[in-house]
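In the numbering used here, the protein residues as written are 273 to 407.
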Amino acid sequence: MKNNKFIRYYQPIISLGDTLQGVEVLVRWKLSNGSLLLPAYFIDVAEKMEVINQITLTLVKKVQEDFSQYSYQYERKVFCAFNLTAQQIENKPFIDQLIDMLKSETNFIASFEITERQHFKNLAIAKANIRSLQE
């Protein structure tokens with residue numbers, strides 16, 4: 273997310289009663305020509321270059337900054353859904369960093385969606401890390 277090459281978007285999740293329940297946090301890579309690259313075209317590369325965790329942690333930090341004033345404007349917190357890969361879920365140091373970031377005051381409730389592109393290599397570790405995120 274160095275040099276603001278990664279752009280975050282918030283896809284609103286609206287209840288049937290027409291109230292904002294939360295957002296899905298989406299990321300796009302802004303190319304030098306101004307066009308946007310969808311995650312399907314850069315996530316594999318980010319994983320191979322071992323920068324996917326830094327992209328995710330920076331994204332969470334930026335969302336925390338964006339939502340820092342939110343609770344003062346509204347009576348309740350909304351949820352922000354982040355996408356994580358199976359590789360990230362199985363990475364205990366990454367999960368610990370993520371948990372530490374979210375322990376600080378946040379004005380949203382974090383939720384996580386596991387992307388479907390990969391399979392878990394170690395289901396026991398994945399389950400343990402998911403439990404840690406739930407706590």
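Note that the Cβ used here is the ideal one computed from N, Cα and C, for glycine as well.
Are three or more beta carbon pairs between the stretch 387–396 and the stretch 365–372 nearer than 8 Å? no
On the premise that residue 297 lies in contact with residue 331, defined as a C-beta separation below 8 Å, what is that separation, rounded to the nearest angstrom? The Cβ separation is near 7 Å, so the contact holds.
Measure from the alpha carbon of residue 385 to the alpha carbon of each residue in 405, 364, 341, 333, then state which is nearest. The shortest Cα separation from residue 385 among 405, 364, 341, 333 belongs to 405.
Among 327, 379, 286, the one whose alpha carbon lies nearest that of residue 348: 379
In angstroms with no decimal places, state the Cα-to-Cα distance between residue 323 and residue 313. 15 Å
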